[in-house]
Amino acid sequence: MPKTWNIKIDNYIQANPNCIIATAHVDSFPTDLPLEPNIREPNRKSATYRQIFDSLTTEPAKFFSRHSGVVLSANIVKPSKTSLELEVKEASEGGSDGIINGGHTVLAFEQAKNYKYYLTLARVKVTIHIGLTEESALDIALASNTTTPVDSRSKVNARGDYKFLKQYLADLEQKEDRKFRIAYYQNQSGAPRNAQCNVTHLLKLLYCLDRNKYNPDGNKRTKHPAGMSLPSNITDAETERLTALLPLLSQALWIEQRLYEIIQEHISSPRRKGSNDLASIDIRKTTLLPDSKYSFGFGAPTDLALPIIASYRVFLDKDYKWILPFDEFAENFLQHLWNNYFRKYLVSEKTAGNTVGTKISRNQDIWESLYISAQSYLNQHLMKIVNSSKQEEAKVTQGTKERLQAGKK
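Here the sequence shown stands for residues 7 to 415, where the numbers follow my numbering.
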């Protein structure tokens, strides 16, 4: 059922049949309006919020002239001389009603009321769009002027470009009984601020396994996904490519999780008590991964696992199918990379007094070395399979000869 809110006003004008502009009272302004159309949630720690709050509470009578106002969307508006009655459809009813722009402002109203500030003289300009479609509401939200930049991730999310990924993760949660914690937009409540839980990190995990786009044996300039930059909008072609890669997401997540477990084991049993010999691994911090089951007692660079995940693309064919069963080689191969290269790299950087940080995602040598190591490992593994097959064939041939000889006797 649609909900209704009342906004007390001094006056209003009908800007057009589907838009009303009013001067509203702040002290009775509803602060529980839905935020569905907004492209980010308000953050009371931000400079934007603090400026609005200070302006409202220090000189409330001047707030109207100093502030650009609040933009709302409603299904139906019933105006009178002293109030506007808003009928708002919830998202579950197919609505996109609520606060389009001004989430920080409404939060400031709420906090000022909680702290008992005198707001009787405060007014705010309110623009109410009536009967907007979801696309129109998002378009206005994206175009609205903001005092601080909106990150590209929030804009991509507002356009609905992450829907294919959200649906896949929802299906995966149900199928595998797991829960993901992913931040799709700024200040998203209920989602960690840890960088590994950012939706862009998930996309990077997938890009690392794109053996068609990043193929050192091909003619393209992009040999490795080193220093990759994510698109500011996801086109239909990009969605198609990512959809083809989505079945690999579980394996990419497993590789990252298992690497962090290995690091946890390493720093939990140091050669010298209280020491950590790995560069950019901070034992004073914690790390959360997208799968809610995985939390670790150390901080690590966001891109730490990317070169290792990318090396696994050696084991994929052009249709993104594993050449070998993933479960048969994944653990041993990861241990091979850790013991023979990656651990030594992190130790040497720590000894030299260096940090890896974002540098690891741009270091072509690391990506190349791990890729070559993966090729060598695969070739050795395939040779073992071939030799094993030959030995088995030889045994069969010898057994056949012996049976024939026995038959002659």
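Every residue, glycine too, gets a C-beta built ideally from N, C-alpha and C.
Item                                                                                                                                                                     : Value
Kindly indicate the opening and closing residues of the beta strand (DSSP E) around GLU91.                                                                               : 89-94
Using CA atoms only, rank isn't needed, just tell me which of PRO36, LYS365, ASP371 and GLN192 is closest to LYS229.                                                     : ASP371
VAL77 and THR133: beta carbons closer than 8 angstroms?                                                                                                                  : yes
Check the C-beta distance from THR29 over to PHE70 and give it rounded, since I have them as a contact under 8 angstroms.                                                : 7 angstroms
Name the one or two DSSP bridge partners that HIS135 has.                                                                                                                : CYS25 and SER79
Any contact of the stretch 201-216 with the stretch 174-191, i.e. 3+ C-beta pairs under 8 angstroms?                                                                     : yes
Quick check: what's the CA-CA separation for LEU384 versus THR139?                                                                                                       : 53 angstroms
Excluding sequence positions up to five away, which residues of its chain have a Cβ less than 8 angstroms from the Cβ of GLY233?                                         : SER367 and ARG368
Give the DSSP-derived three-state secondary structure of THR292 in the structure shown.                                                                                  : coil
Here's a check: name, in chain order, each residue in its chain whose Cβ is nearer than 6 angstroms to the Cβ of SER238, leaving out the five neighbours to either side. : SER158
Expressed to the nearest angstrom, what Euclidean distance is found between the alpha-carbon atoms of ASP297 and ILE106?                                                 : 31 angstroms
For ILE58 versus ALA114, is the C-beta spacing smaller than 8 angstroms?                                                                                                 : yes
Under three-state DSSP, which class holds ARG184?                                                                                                                        : coil
Out of curiosity, what's the CA-to-CA distance linking VAL392 and PRO253?                                                                                                : 29 angstroms
Report yes if the C-beta distance between SER286 and GLY363 is below 8 angstroms; otherwise report no.                                                                   : yes
Whole alpha helix (DSSP H) runs in the stretch 230-283 with 4 or more residues, listed along the chain?                                                                  : 242-251 and 255-274
Provide the residue span of the beta strand (DSSP E) that contains GLY104, from first to last.                                                                           : 104-107
Could you pull out every unbroken beta strand (DSSP E) segment of at least 3 residues lying fully inside the stretch 193-235, listed in chain order?                     : none
Under the DSSP definition of a beta bridge, which residues are partnered with SER10?                                                                                     : Note on residue identity: the sequence assigns Thr, not Ser, to residue 10. THR10 is bridged to GLU93.
Considering only their Cβ atoms, is the gap separating VAL83 from ILE26 smaller than 8 angstroms?                                                                        : yes
Would you say LEU376 and PRO331 are within 8 angstroms of each other, going by their C-beta atoms?                                                                       : no
Determine whether the beta carbon atoms of LEU388 and TYR326 lie at a separation below 8 angstroms.                                                                      : no
Within 10 angstroms of the Cβ of GLN341, are there 16 or more other Cβ atoms? Answer buried if so, exposed if not.                                                       : exposed
Quick one: is GLU42 buried, meaning 16 or more other Cβ sit within 10 Å of its Cβ, or exposed?                                                                           : buried
Compare the C-alpha of GLY75 against each of ASP333, PRO40 and HIS31 and name the closest.                                                                               : HIS31
Where do the N-terminal and C-terminal ends of the alpha helix (DSSP H) with LEU39 fall, by residue?                                                                     : That residue, LEU39, is in no alpha helix (DSSP H); it is neither H nor E in DSSP.
What residue does the alpha helix (DSSP H) around ALA53 start on, and which one ends it?                                                                                 : 53-64
Between TYR190 and ALA164, what straight-line distance do the alpha-carbon atoms span, to the nearest angstrom?                                                          : 9 angstroms
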